[in-house]
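Visitor: Take this structure first; my questions come after.
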Amino acid sequence: MPHPSRFRFIRSLTLGCLLASTAIAFVFSCHSDHSSPTQPVVNPSPTPRGAVPTPTPMGAVPTPTPMGVMPTATPPPAAHMVNVGQNGNNFLDQQSGSSTTTITAGQTVQWNWVGSFHSSTSGNCCTPDGKWDSGVMSSGTFSHTFSSPGNFPYFCTVHGSLMTGMVVVSP
Ligand SMILES: [Cu+2]
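When we follow our numbering, the leftmost residue of the sequence shown carries the number 43, and every step to the right adds one.
See below:
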């Protein structure tokens, strides 16, 4: 009679194991189901964290950028500005502080009218030589590009010998 009881015992163990394994599998599946929705909730927090490191690279980028721009900002002298009629009847080069503008061949001089009724007219005072002539202006700008080296005197047709300038163009 011990045999049938053993079989029953084994069967009960087998059923118990099956039930246990099923229950464990169910529990694990439940855990996995719960864990999967939990993870997406955790992800949002790392996202804002990702926004924090962003300002750091931004702060690092501007630093090298201005340094790269600085050498580029040096060329502005290429746009040689001469104010016309600033504090009187004169041509005032913004770089030299006088009526003489020094540039190299290929560069451009821009006259900016500050005071009224003057001209930038090429030639020895006071005969226009036809190289350039802004005409009499009271505002605005006039530009001329000097392609050849040399000394280029100019004057204001309104004020004549009282208002002259010189552009010195080096090779
Ligand atoms: Cu003038």
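Virtual Cβ for every residue (Gly too), placed ideally from N, Cα, C.
#1: Does the beta-carbon distance from serine 185 to valine 151 come in below 8 Å?
#2: Can you tell me whether asparagine 166 is helix, strand or coil according to DSSP?
#3: I'd like to check one pair, threonine 163 with phenylalanine 197: are the Cβ atoms closer than 8 Å?
#4: If we ignore side chains and look at the alpha-carbon of each, how far apart do glutamine 137 and histidine 122 end up?
#5: Counting along the chain, where does the beta strand (DSSP E) carrying phenylalanine 159 start and finish?
#6: Where do the N-terminal and C-terminal ends of the beta strand (DSSP E) with serine 203 fall, by residue?
#7: When you measure from the CB of glycine 182 to every non-hydrogen atom of ligand 1, does any distance come out below 7 Å?
#8: Helix, strand or coil: which one does DSSP assign to tyrosine 196?
#9: According to the Cβ coordinates, are threonine 199 and serine 158 closer than 8 Å?
#10: Nearer than 7 Å: is that true of the beta carbon of methionine 208 relative to any heavy atom of ligand 1?
#11: Secondary structure at glutamine 152, three-state DSSP: helix, strand or coil?
Guide: Reading it off the structure:
#1: By 1-based counting over the sequence shown, the position of residue 185 is 143. By 1-based counting over the sequence shown, the position of residue 151 is 109. Going by C-beta atoms, serine 185 is nearer than 8 Å to valine 151.
#2: Numbered from its first residue, the sequence shown carries residue 166 at position 124. Residue state, collapsed to three classes: coil.
#3: As a position in the sequence shown, residue 197 is number 155, starting the count at 1. As a position in the sequence shown, residue 163 is number 121, starting the count at 1. Against a cut-off of 8 Å, the Cβ pair of threonine 163 and phenylalanine 197 comes out as a contact.
#4: Here residue 137 refers to the residue found at position 95 of the sequence shown. Here residue 122 refers to the residue found at position 80 of the sequence shown. Glutamine 137 and histidine 122 have their C-alpha atoms roughly 7 Å apart.
#5: For the purposes of this step, residue 159 is identified with residue 117 of the sequence shown, where counting begins at 1. It is not in any beta strand (DSSP E) - phenylalanine 159 carries neither H nor E in the DSSP assignment.
#6: Walking along the sequence shown from the start, residue 203 turns up at place 161. Its beta strand (DSSP E) spans residues 202-212.
#7: By 1-based counting over the sequence shown, the position of residue 182 is 140. Not so, every heavy atom of ligand 1 lies at least 7 Å from the Cβ.
#8: For the purposes of this step, residue 196 is taken as the residue at position 154 of the sequence shown. The answer is strand: DSSP assigns tyrosine 196 an E or B state.
#9: Here the question's residue 199 lines up with position 157 in the sequence shown. Here the question's residue 158 lines up with position 116 in the sequence shown. In this structure, threonine 199 sits away from serine 158, with a CB-CB distance that is not shorter than 8 Å.
#10: Counting from one through the sequence shown, the residue named residue 208 turns up at place 166. Incorrect: methionine 208 has no Cβ contact closer than 7 Å to ligand 1.
#11: Working through the sequence shown from its first residue, we reach residue 152 at position 110. Glutamine 152: strand per DSSP, three-state reduction.
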